[in-house]
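Asks: Take this structure, written in structure tokens, and hold onto it; I'll ask about it next.
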Amino acid sequence: MSNLMKSQLGIGKILRLLQQVNCKSRFMMKHQILLSLNMMRKMIKLMMCLSGDAMNSEEWKTAMQEELNMFEKNATWKLVDRPTNKNVIGVKWVYKVKLNSDGSLNKCKARLVVKGYSQLAGIDFTKTFASVARFDTIRLLFAIAAKKSWLIYQLDVKSTFLNGKLKKEIYVEQPDGYVKKGAEHKVYLLKKALYGLKQAPRAWYGKIDNHLLSLGFEKSIEEATLYVKEKGADLIIVSIYVDDLLVTGSCEAMVRNFKADKMKMFEMNDLGKMSYFLGIEFAMSNCKAVSTPIVPGTKFTSEDGAAKIEPGLYRSMIGSLLYLSATRPDIMYSVSVLSRRDKVAWFTDNDWAGSEDDMKSTSGCCFSIGLGMISWCSRKQDAIAQSNTEYEYIAAADAANQAIWMRKVMRDLKHAQKEPTVILCDNKSTIAIVKNPVFHRRTRHIKIRDEAPDLVEFEYDEENDQIDDVPVRGTRTLEDVYNRCNVAITEPSCLQDAMNSEEWKIAMQEELNMFEKNATWKLVDRPTNKNVLGVKWVYKVKLNSDGSLNKCKARLVVKGYSQLAGIDFTETFAPVARFDTIRLLFAMAAQKSWLIYQLDVKLAFLNGKLKEEIYVEQPDGYVKKGAEHKVYLLKKALYGLKQAPRAWYGKIDNHLLSLGFEKSIEEATLYVKEKGADLIIVSIYVDDLLVTGSCEAMVRNFKANMMKMFEMNDLGKMSYFLGIEVQQSSQGVFICQRKYATQILNKFAMSNCKAVSTPIVPGTKFTSEDGVAKIEPGLYRSMIGSLLYLSATRPDIMYSVSVLSRFMQSPSEIHLKGAKRVLRYVKGTIDFGVMYSRSDEIKLLGFTDSDWAGSEDDMKSTSGCCFSIGSGMISWCSRKQDAVAQSTTESEDIAAADAANQAIWMRKVMRDLKHAQKEPTETIHQNVQGSHGSNESMDLHADSPGQDFPY
1 MSNLMKSQLG
11 IGKILRLLQQ
21 VNCKSRFMMK
31 HQILLSLNMM
41 RKMIKLMMCL
51 SGDAMNSEEW
61 KTAMQEELNM
71 FEKNATWKLV
81 DRPTNKNVIG
91 VKWVYKVKLN
101 SDGSLNKCKA
111 RLVVKGYSQL
121 AGIDFTKTFA
131 SVARFDTIRL
141 LFAIAAKKSW
151 LIYQLDVKST
161 FLNGKLKKEI
171 YVEQPDGYVK
181 KGAEHKVYLL
191 KKALYGLKQA
201 PRAWYGKIDN
211 HLLSLGFEKS
221 IEEATLYVKE
231 KGADLIIVSI
241 YVDDLLVTGS
251 CEAMVRNFKA
261 DKMKMFEMND
271 LGKMSYFLGI
281 EFAMSNCKAV
291 STPIVPGTKF
301 TSEDGAAKIE
311 PGLYRSMIGS
321 LLYLSATRPD
331 IMYSVSVLSR
341 RDKVAWFTDN
351 DWAGSEDDMK
361 STSGCCFSIG
371 LGMISWCSRK
381 QDAIAQSNTE
391 YEYIAAADAA
401 NQAIWMRKVM
411 RDLKHAQKEP
421 TVILCDNKST
431 IAIVKNPVFH
441 RRTRHIKIRD
451 EAPDLVEFEY
461 DEENDQIDDV
471 PVRGTRTLED
481 VYNRCNVAIT
491 EPSCLQDAMN
501 SEEWKIAMQE
511 ELNMFEKNAT
521 WKLVDRPTNK
531 NVLGVKWVYK
541 VKLNSDGSLN
551 KCKARLVVKG
561 YSQLAGIDFT
571 ETFAPVARFD
581 TIRLLFAMAA
591 QKSWLIYQLD
601 VKLAFLNGKL
611 KEEIYVEQPD
621 GYVKKGAEHK
631 VYLLKKALYG
641 LKQAPRAWYG
651 KIDNHLLSLG
661 FEKSIEEATL
671 YVKEKGADLI
681 IVSIYVDDLL
691 VTGSCEAMVR
701 NFKANMMKMF
711 EMNDLGKMSY
721 FLGIEVQQSS
731 QGVFICQRKY
741 ATQILNKFAM
751 SNCKAVSTPI
761 VPGTKFTSED
771 GVAKIEPGLY
781 RSMIGSLLYL
791 SATRPDIMYS
801 VSVLSRFMQS
811 PSEIHLKGAK
821 RVLRYVKGTI
831 DFGVMYSRSD
841 EIKLLGFTDS
851 DWAGSEDDMK
861 STSGCCFSIG
871 SGMISWCSRK
881 QDAVAQSTTE
891 SEDIAAADAA
901 NQAIWMRKVM
911 RDLKHAQKEP
921 TETIHQNVQG
931 SHGSNESMDL
941 HADSPGQDFP
951 Y
């Protein structure tokens, strides 16, 4: 017996169960299983008309004429001459016998549909997607109505799609049997949509959506077919399923007024209290009933050695049963297993490795409000679970996603859940993994929505005890996954998502307004011999140091990768301030008791003037009507252009020089201006200006001048800059990265780790080939990159991180363990930073040291140095030397050379800042021979010609 034949027997078993089950649920569908003989005869007669000539039946002629009358009433089309350069689409009649829930005849329906398969994409239609209510949402509506004792009403829109207005010019043939005499050559120009058009559902949804919004309804963010309207303490809810409107609410008067308004706006039937919705018929009424939908322990495979059957009947059975499962969770698992034979990928088994074809497991979950379930699912998992615990953990992730979505829908329905949603789990090991804060490689593929972890809680279900393997150490928590997915939920992924949000529409319009204000571009005819660059929208949510929302920023950027070198651009380099310079500025301000202010230039790159002739396309969503063929000629730079940073730097550089500032020779982003005994200093980091000085009046005048010249925000006293928190007080300036450190601990699931007192175990040696298994480098590289940026205010981790960064090409478990130790050290020192305070004098002081042959891979040494001007360190580094030192003296000599280079550069910067060092800079290091070799010996040694000192 074939697999499909066995599956048919399984379906028959389910259908026999349906005959036996007494369905007493309040909202259970009534299915037509037993049809009377008289009704069957009438149906056969009508169906014979369908297969023959409908024009010979008065019922069908009346039905067709009613359809055409509706077209005339709605002004759906207009008879015009046949166009010569347009696609004319055919039409056909479709006939349907509609029945009541008890099987009696409702009406004969004739529908004129367009042969949409002949439409041409981009000419006859563009977008076609239209939202449809999920069954989970409908059942949730039933549950809330039951809890609140509300009645649910149903409205049926007649010829729904005929209400949708078309944006494209569509022509169709005259319908067969109803061709106008004397106008046989003419066709119909559609003013509104017809059934069969690919864009018809979208046109209808746009019509009803706009109408409901105009009535003051709010659309659910999570369920686009759900609308809610509040009026004082009263509430009305509307759900749309194509041409059916389900209406419920706390106020019967609001419901009556809503129905009356709809009856005026659209041609529709008021079906009263909801009693029959999207019904299903089965034809297996005389079978023998069974007590279970599937024999326990039954396994189905794709290749069972039995004869194959014709799949049409089997697919029809499965499709009907899948639809029946909308109200029958008891058959969900059985039908999902049988549906695999029809290759429906998202229905699966529900145990560990239950599928004998690929050994994958099944996730299943269900949710309820009170006693009745409102949501259930059963689907095959994407990955093969290696244990029951892993399978249960993946199922927990699916359940968490569904719970968070349903919480959002309930929030939109004005029934927000205040307490976390409790999900029962029958596996203690899974619950232990959920609460385990350590990352594990077996759970990386599990995707969970990025929501706060306090929305969902997992509890042990004692009634279904299941204890299998112990939890594996190193599994990632749900909290960690939520935190790692933050960007996906807050920022739109495409233009369509952004256009649905008022915040992002405002942000995009502000960007374009700034272009007009700055005279950034000019609309011109498309050139024939020039490269025209594309543009795209980039969206970014900007946060404050405490994690709160700052603003939604939409940036229009040029696709600079399509620029041609030598034609669209020449030079592109633009300098950026070094962190050493910024920290030196902090230290000097603390020494002098100066305040540091921050200015943020809006759309900085738009101020840069271009030397080249650049053309760009009009931005998506904002193409000028009647000028679709035109493009923009750029007068100023846009973000994304390769020369944009250089153009902006040239603009700000010229302006500052025109104000009398002197540019530092050693640091091209540092500007100083003297006026008598007063001094003002400006440092540029792309679009951020750091300003300090001895005279507050000069600072105020400078800010006022810049505000006139450029569109910018005065952020006041500097408090947060590039992830660095800056605290200015009478004691000095303290910088740290507490927020960033917390973020990376959460990112790598180390927020609950045990702290250690040192970032690296003294004497530890790392090698490339340590005999330990290699790991996937993505996680390790991300961890090291985060720690390297953290070292901007944490010199105490500089050496450890620099050593670990040498193994990013092929890291092992030992290297990962070392990186995690640094994170554990950060956990215990999260408030550490650098304090700059006032001292007796501004004197540059350095320290240097090195090891000897510290790297076991190539026997090279490591140099380290740091500098201060009386308080906290302003510069530090740790790096591997370029050459192999043959003695400790030589390694120290190389380190001394590096320190001397840095000291000389810093002395020059301080000179440009009008704080020149009169005395030589003292650099302390421990090796006496190295010190003598650097200071006293004037002879060139054979092993030291590679050390370069500035002249």
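Under UniProt numbering, the first residue of the sequence shown carries the number 1, and numbering increases by one thereafter. Backbone N, C-alpha and C define an ideal beta-carbon position, used for all residues, glycine too. On a predicted model such as this, the values are computed, not experimentally measured, just so you know.
1. Cβ atoms of M268 and Q154: under 8 Å apart, would you say?
2. Would you give the residue range spanned by the beta strand (DSSP E) that S868 belongs to?
3. In terms of residues, what are the limits of the beta strand (DSSP E) holding S239?
4. List, from N- to C-terminal side, the alpha helix (DSSP H) runs of 4 residues or more that fit wholly inside the segment 760–828.
5. Tell me which same chain residues have a C-beta within less than 8 Å of the C-beta of E173, skipping the five on either side of it?
6. Scan the segment 673–701 and note each continuous alpha helix (DSSP H) run of 4 residues or more that stays entirely inside, going in chain order.
7. My output table needs one value for T606: the three-state DSSP class, helix, strand or coil.
8. Does DSSP put L512 in a helix, a strand or coil?
9. Assuming M873 is part of the beta strand (DSSP E), what are its boundary residues?
10. One question on the structure: do T793 and V834 come within less than 8 Å of each other, judged by their Cβ atoms?
11. Using the Cβ count rule (16 or more neighbours within 10 Å means buried), how would you classify E390?
12. Is it buried or exposed, V438, if we count other Cβ atoms within 10 angstroms and call 16 or more buried?
13. Closer than 7 Å by C-beta to I775: which residues in its own chain qualify, once you throw out the five before and the five after it? Chain order, please.
14. Out of V822, E617 and I784, state which residue places its alpha-carbon closest to the alpha-carbon of D796.
15. Just list the residues that DSSP pairs Y356 with in beta bridges.
16. Using DSSP with H/G/I as helix, E/B as strand and the rest coil, what is E667?
17. Do F161 and A130 have their C-beta atoms closer together than 8 Å?
18. Can you pull the DSSP bridge partners for L189?
19. Counting along the chain, where does the alpha helix (DSSP H) carrying E892 start and finish?
20. Check whether the segment 886–905 and the segment 641–654 touch, using three or more Cβ-Cβ pairs below 8 Å as the test.
21. To the nearest angstrom, report how far apart N257 and F266 are at their CA atoms.
22. What does a CB cutoff of less than 7 Å around S791 pick up in its chain, not counting 5 residues either side in sequence?
23. Tell me, which residues are paired with L155 by DSSP?
24. Please confirm whether A203 and K165 have their CB atoms less than 8 Å apart.
25. Give me the Cα-Cα distance between D921 and G870, rounded to the nearest whole angstrom.
26. Which value, in whole angstroms, describes the spacing of the CA atoms of A133 and L140?
27. Once you ignore the five residues that flank S868 on each side, which residues in its own chain have a CB closer than 7 Å to its CB?
28. According to the Cβ coordinates, are E666 and V909 closer than 8 Å?
29. In whole angstroms, what is the alpha-carbon distance linking I237 and I404?
30. For Y639, which three-state DSSP category applies?
31. Can the beta-carbon of L197 be found closer than 8 Å to that of G116?
32. Could you name the residues that DSSP lists as bridge partners for W537?
33. For a test of the three-state rule: what should DSSP assign to L845, helix, strand or coil?
34. Looking only at its chain, what residues have a beta carbon closer than 8 Å to the beta carbon of A345, apart from the 5 residues adjacent to it on each side?
35. Please report the residue range of the alpha helix (DSSP H) in which L585 lies.
36. Is it right to say P293 is buried, meaning 16 or more other beta carbons lie within 10 angstroms of its own, or is it exposed?
Replies: This is what the structure gives:
1. Sequence index remark: in the sequence shown, residue 154 carries index 154 (1-based). Sequence index remark: in the sequence shown, residue 268 carries index 268 (1-based). Not closer than 8 Å, so no.
2. Residue 868 sits at position 868 when you count from the first residue of the sequence shown. Per DSSP, S868 belongs to the beta strand (DSSP E) from T862 to S868.
3. For this step, residue 239 is matched to residue 239 along the sequence shown. Residues D234 to Y241.
4. 777–790, 798–804 and 813–828
5. Along the sequence shown, read from residue 1 onward, the residue named residue 173 stands at position 173. Correct list, in chain order: V88, I89, G90, V91, V187 and Y188.
6. none
7. Locating residue 606 in the sequence shown gives position 606, counting from the first residue. The sequence shown places Leu at residue 606, rather than the Thr named in the question. L606: helix per DSSP, three-state reduction.
8. Stepping through the sequence shown from its first residue, residue 512 is reached at position 512. Reduced to three states, the DSSP call for L512 is helix.
9. In the sequence shown, residue 873 corresponds to position 873, counting from 1. Counting along the chain, the beta strand (DSSP E) containing M873 begins and ends at M873 to K880.
10. Position 793 of the sequence shown holds residue 793. Position 834 of the sequence shown holds residue 834. Yes; because the gap between Cβ atoms is below 8 Å, this pair is in contact.
11. Translated into the one-based positions of the sequence shown, residue 390 becomes position 390. The residue in question, E390, is buried, as its Cβ has 16 or more Cβ neighbours within 10 Å.
12. Locating residue 438 in the sequence shown gives position 438, where the first residue counts as 1. Note that V438 has pLDDT 47, beneath the 50 cutoff, so the model's placement of it is unreliable and the number below is only indicative. With 16 or more Cβ atoms within 10 Å of its Cβ, V438 is classed as buried.
13. By 1-based counting over the sequence shown, the position of residue 775 is 775. Cβ within range, chain order: P811, S812, E813 and L816.
14. Indexing the sequence shown from 1 puts residue 796 at position 796. Out of V822, E617 and I784, V822 has the C-alpha closest to the C-alpha of D796.
15. Residue mapping note: residue 356 aligns to position 356 of the sequence shown, counting from 1. Here the sequence assigns Glu to residue 356, which means Tyr is not the residue at that position. Answer is none; E356 lacks a bridge partner.
16. Sequence index remark: in the sequence shown, residue 667 carries index 667 (1-based). Coil at E667, not helix or strand.
17. Indexing the sequence shown from 1 puts residue 161 at position 161. Indexing the sequence shown from 1 puts residue 130 at position 130. Result no, Cβ atoms of F161 and A130 do not sit closer than 8 Å.
18. Residue 189 sits at position 189 when you count from the first residue of the sequence shown. Partner(s): K78 and Y171.
19. Counted from its first residue, the sequence shown places residue 892 at position 892. From DSSP, the alpha helix (DSSP H) with E892 extends over T888 to D912.
20. no
21. Numbered from 1 along the sequence shown, position 257 holds the residue referred to as residue 257. Numbered from 1 along the sequence shown, position 266 holds the residue referred to as residue 266. So the two alpha carbons sit approximately 14 Å from each other.
22. Translated into the one-based positions of the sequence shown, residue 791 becomes position 791. Answer for S791: I797, M798 and V801, listed in chain order.
23. For the purposes of this step, residue 155 is taken as the residue at position 155 of the sequence shown. In the DSSP output, where bridge partners are listed per residue, L155 has L245 and D270.
24. Taking the sequence shown and counting its residues from 1, the one referred to as residue 203 is at position 203. Taking the sequence shown and counting its residues from 1, the one referred to as residue 165 is at position 165. Yes, the Cβ-Cβ distance between A203 and K165 is below 8 Å.
25. Locating residue 921 in the sequence shown gives position 921, where the first residue counts as 1. Locating residue 870 in the sequence shown gives position 870, where the first residue counts as 1. First, the residue type needs correcting, since residue 921 is Thr and not Asp in the sequence shown. Going by the C-alpha atoms only, they are around 12 Å apart.
26. Stepping through the sequence shown from its first residue, residue 133 is reached at position 133. Stepping through the sequence shown from its first residue, residue 140 is reached at position 140. Going by the C-alpha atoms only, they are around 11 Å apart.
27. Locating residue 868 in the sequence shown gives position 868, where the first residue counts as 1. Same-chain partners within the cutoff: L845 and I874.
28. In the sequence shown, counting from the first residue as 1, residue 666 sits at position 666. In the sequence shown, counting from the first residue as 1, residue 909 sits at position 909. Yes.
29. The count along the sequence shown starts at 1 and reaches residue 237 at position 237. The count along the sequence shown starts at 1 and reaches residue 404 at position 404. I237 and I404: Cα-Cα distance of roughly 21 Å.
30. In the sequence shown, residue 639 corresponds to position 639, counting from 1. Note: Y639 maps to coil in three-state DSSP.
31. For this step, residue 197 is matched to residue 197 along the sequence shown. For this step, residue 116 is matched to residue 116 along the sequence shown. Yes, the Cβ-Cβ distance between L197 and G116 is below 8 Å.
32. Counted from its first residue, the sequence shown places residue 537 at position 537. According to DSSP, which records beta bridges pairwise, W537 is partnered with L556.
33. Here residue 845 refers to the residue found at position 845 when the sequence shown is read from its first residue. Correct three-state label for L845: strand.
34. Within the sequence shown, the letter at position 345 stands for residue 345. Any reading at A345 is ruled out, since the residue's pLDDT is 27, under 50, leaving its predicted position unreliable.
35. The residue given as residue 585 occupies position 585 in the sequence shown. It spans F579 to K592 - the alpha helix (DSSP H) in which L585 sits, taken as one unbroken run.
36. The residue labelled residue 293 in the question sits at position 293 within the sequence shown. So P293 ends up on the buried side.
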